[in-house]
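The structure under discussion appears below in the form of structure tokens.
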Amino acid sequence: MRKFDLHMHSKYSRDGILDPETIVKIALKRGLDGLAVTDHDTIRGGLAAKKVAPKGLEVICGCEVSTDRGDVIGLFLSEEIRSRCHIDVIEEIRSQGGVAIVPHPFDSMRGSAFWLREDDSRKIDGVEVMNARCIFRRSNNAAVDYADRYSLAKVGGSDAHFGAEIGNAGTLIPEDSDVRESILKNRTMAYGNISSPFFNFRTTALLMRRRIYKTRKDS
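Heads up: the sequence shown is residues 14 to 232, going by this note's numbering.
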């Protein structure tokens, strides 16, 4: 099985700091076979990472899109997602040949959580059942239950915003299958451990500093 971390952020996210080059170097050191850069509402980080990735490391261009229902991750994107209606976002992802994943769907600590309902199971391709930034395990456990109930692919990702988080969680892909096919055929497995809550607090502090700086700059 090949190891892919399918959820992480670069400096192109409003709460990110990592250069794409740094992400690639760390991923190689952690023994990953591939990764997806899924910045908030932009594919710039994913495109940049693909350009600097060496042979042997598969980089998937993704995006964590803010929608009217909560976050949706699109993988295998080549163009920016313009809509913010979740139904239209999923349609845009599919029109690019991408797959739609709902990350951290039942995380009560996040205002951006997409609380999945029964009818949502027919709209999406997979569920992130192992997010290393979900402080409470019940959030990931609820995602596992949902994916099992509706026979959806299970994926994992570190949700890394800092280098030390990369690879803390991920997705196992069969050797004889590519990532897209594995997700669509429900052949993936999630793995990983919960990262220290310290990283969540660092991200909150970073966002606050950037907002204060912007307010002062605009005043």
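C-beta: ideal position from N, C-alpha, C; glycine also.
What is the residue span of the alpha helix (DSSP H) that residue i lies within?
i	result
Arg15	Looking at the DSSP string, Arg15 is not in any alpha helix (DSSP H); the run it does join, the beta strand (DSSP E), is 15-18.
Gly58	57-65
Ser108	99-108
Leu48	Note, Leu48: premise wrong, no alpha helix (DSSP H); beta strand (DSSP E) at 47-53.
Ile39	33-42
Can you tell me which of the options puts its alpha carbon nearest to the alpha carbon of residue i?
i	options	result
Ile137	Arg146, Met21, Met202, Phe127	Phe127
Ile86	Thr216, Asn154, Gly111	Gly111
Cys98	Phe89, Ile148, Thr80, Glu92	Thr80
Leu197	Ile106, Gly139, Thr55, Lys227	Gly139
Val157	Phe175, Ser134, Ala177, His174	Ser134
Ile207	Ser152, Val37, Leu45	Ser152
Asp54	Ser96, Asn144, Ser195	Ser96
Asp46	Met14, Asp28, Gly58	Met14
Thr201	Glu194, Asn213, Phe212, Ile186	Ile186
Arg193	Ala155, Val72, Ile225	Val72
Ala177	Thr217, Tyr163, Leu220, Thr35	Thr35
Asp32	Ala113, Leu219, Ala61, Ile56	Ala61
Ser108	Phe119, Met122, Ser91, Pro118	Ser91
Cys147	Glu131, Asp132, Ser125	Ser125
Phe212	Asn181, Asp189, Lys230	Asn181
Arg130	Leu88, Arg123, Arg82	Arg82
Arg123	Lys38, Thr217, Glu105	Thr217
Between which two residues does the beta strand (DSSP E) holding residue i run?
i	result
Glu141	139-144
Gly87	84-88
Ser26	Element bounds for Ser26: n/a, residue is neither H nor E.
Glu71	71-79
Ile114	112-115
If residue i sits next to residue j, beta carbons under 8 Å apart, how far is it from one beta carbon to the other, in whole angstroms?
i	j	result
Asp18	Ile179	6 Å
Gly183	Val142	About 12 Å separates the two Cβ atoms, so there is no contact after all.
Pro116	Asp161	Between Asp161 and Pro116 the Cβ distance is about 17 Å, and since that is not below 8 Å, they are no contact.
Gly29	His22	4 Å
Ile94	Cys76	6 Å
Tyr25	Gly69	Incorrect: roughly 24 Å between the Cβ atoms, too far for contact.
Asn154	Asp172	Not quite, the Cβ-Cβ distance comes to about 17 Å (not below 8 Å), so this is no contact.
Lys63	Gly44	That belief does not hold up - the Cβ atoms of Lys63 and Gly44 are roughly 20 Å apart, past 8 Å.
Can you tell me which residues form a DSSP beta bridge with residue i?
i	result
Met21	Ala173
Looking at chain B, is there any beta carbon in it that lies within less than 8 Å of the beta carbon of residue i?
i	result
Asp32	Absent from the structure: chain B. Only one protein chain is present.
Which whole runs of the beta strand (DSSP E) in the stretch 142-225 are 3 residues long or more, in chain order? 166-170, 182-186, 202-205
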